[in-house]
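Following: one structure in structure tokens, then a few remarks.
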Amino acid sequence: MIDVHSHLLPNIDDGSNSLEASLQLARAAVMEGITHSLVTPHHMDEQYINHAVDVINLTAVFQAELERLAIPLTVFPAQEVRLTSELLTALDAGDILTTDTQGTFLLVELPANDVPLFTSEILFQLQQRGIMPVIVHPERNRRLMQEPHLLYDLVSQGAYAQVTASSYVGAFGKAVMAFSEDIIGHGLAQVVASDAHRLPGRQHNMAKAFEKLVAVHGSGLATEFNENAKALINGTSVSRRQIVPIKKNRLFSAY
């Protein structure tokens with residue numbers, strides 16, 4: 000199992016707050032069957048700045064510690080980058096990490112409550128540069144919950160989407176779970192990832208999510224999602240299914 004969104008690196012964002020906490024998260028990941036994980040600290044989200052070179056160096060240090068303790072988890076450096084008007088400037092400055100070394104895929108986070116007016120234009124500009132945006136946890140965006148056609152528009156324009164495992168299994172409440180199910184069921188998501196932050200709260204829930212995927216949609220989609228996660232790390236082709244607009248809106252409930 001491959002996880003393309005996690006906050007395992009210690010003391011750099013709202014994820015793990017110590018090396019020991021990071022090692023506990025890593026052990027928990029292995030127990031769930033995760034063998035490879037992107038470590039994706041927040042970047043440019045108005046609270047955290049995690050420069051590319053720092054993430055690369057910290058990931059190498061963390062990998063060495065995993066190997067020293069014989070924890071069989073391979074980690075790769077990346078970022079969860081907030082979609083702002085400064086994203087392209089940071090990209091030109093070499094301060095943005097993609098999920099793969101070829102520079103093909105980028106994890107993009109929308110603000111929690113909105114979809115900025117410049118979203119489509121920034122995502123278009125990324126694609127013009129050969130970078131495919133992957134919108135992380137759209138199921139927890141209040142605006143998208145109220146206006147799901149906006150997500151359909153972004154995916155139809157070439158973006159990918161990643162649903163959080165904990166959202167899909169109900170850890171963020173029934174409304175978020177229902178919207179997660181809608182996103183997956185309508186072909187709007189191509190990958191599930193943990194977005195793990197800390198134990199016992201923001202844990203992986205990947206095994207539960209894949210069990211649910213198999214139960215609801217069959218083993219074919221579960222395999223496809225895991226292969227897509229591998230593709231994000233390797234910079235190879237990500238599979239898409241036919242996308243369908245989500246017709247009904249869901250009222251947001253706090254999580």
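For the sequence shown, numbering that gives the first Met the number 0 begins at 0 and goes up steadily by one. No residue lacks a Cβ here, since even glycine has one placed at the ideal position from N, Cα and C.
Please return the same chain residues whose Cβ sits closer than 7 Å to the Cβ of residue i, not counting the five positions on each side in sequence.
i: Phe251; result: For Phe251, the predicted structure reports a pLDDT of 49, less than 50, and the residue's modelled location is therefore unreliable. The matter cannot be settled from this model.
i: Leu125; result: Leu105 and Pro132
i: Leu96; result: Ala51, Val54, Pro76, Ala77 and Gln78
i: Glu223; result: Ser238
i: Asp91; result: none
i: Arg240; result: Gly186
Could you check where the beta strand (DSSP E) with residue i kicks off and where it finishes?
i: Leu106; result: Phe104 to Glu108
i: Met176; result: Segment Lys173 to Gly184 is the alpha helix (DSSP H) holding Met176; no beta strand (DSSP E) there.
i: Met30; result: Premise fails: Met30 lies in the alpha helix (DSSP H), Leu18 to Met30, not in any beta strand (DSSP E).
i: Arg81; result: Glu79 to Arg81
i: Ile134; result: Met131 to Val135
Which residue or residues does DSSP assign as beta-bridge partners of residue i?
i: Leu191; result: Residue 191 is actually Val in this sequence, not Leu. Per DSSP, Val162.
On the DSSP letters alone, give me the boundaries of the alpha helix (DSSP H) that residue i sits inside.
i: Leu37; result: No alpha helix (DSSP H) contains Leu37, which is instead part of the beta strand (DSSP E) from His35 to Val38.
i: Arg141; result: Arg141 to Gln145
i: Asn10; result: That residue, Asn10, is in no alpha helix (DSSP H); it is neither H nor E in DSSP.
i: Glu138; result: From DSSP, Glu138 is part of no alpha helix (DSSP H); its letter is neither H nor E.
i: Phe209; result: Met205 to His216
i: Thr98; result: No alpha helix (DSSP H) holds Thr98; DSSP gives it neither H nor E.
Just checking my contact of residue i with residue j at CB under 8 Å: how many whole Å lie between their CB atoms?
i: Gly234; j: Thr103; result: 4 Å
i: Leu259; j: Leu57; result: The first residue shown for the chain is 0 and the last is 254, placing residue 259 beyond what the model contains.
i: His136; j: Ser166; result: 7 Å
i: Leu82; j: Ile121; result: 6 Å
i: Ser84; j: Phe117; result: 6 Å
i: Asp12; j: His4; result: That pair is no contact at about 13 Å.
i: Leu231; j: Asp99; result: 7 Å
i: Ile130; j: Leu109; result: Not really, about 16 Å apart at Cβ, beyond 8 Å.
Output needed for residue i: all residues of its chain with C-beta closer than 6 Å, excluding positions within five of it in sequence on either side, in chain order.
i: Ala253; result: Below a pLDDT of 50, predicted positions are generally treated as unreliable, and Ala253, at 44, falls in that range; the measurement from the model is reported next regardless. Counting only Cβ-Cβ distances below 6 Å, and skipping sequence neighbours, we find nothing.
i: Gly157; result: Gln126
i: Lys207; result: Val168
Using a Cβ-Cβ cut-off of 8 Å (strictly less than) and excluding sequence neighbours within five positions of residue i, which residues of its own chain qualify?
i: Asp2; result: Ala28, Ile33, His35, Ser36, Leu37, Ala192, Ser193, Ala195, His203, Met205 and Ala228
i: Asn16; result: Pro9, Asn10 and Arg197
i: Pro244; result: Pro147, His148, Tyr151 and His185
i: Gln62; result: Thr73 and Val74
Can you check the segment 46-91 for any beta strand (DSSP E) of at least 3 residues that lies completely inside it and give the ranges in chain order?
73-76 and 79-81
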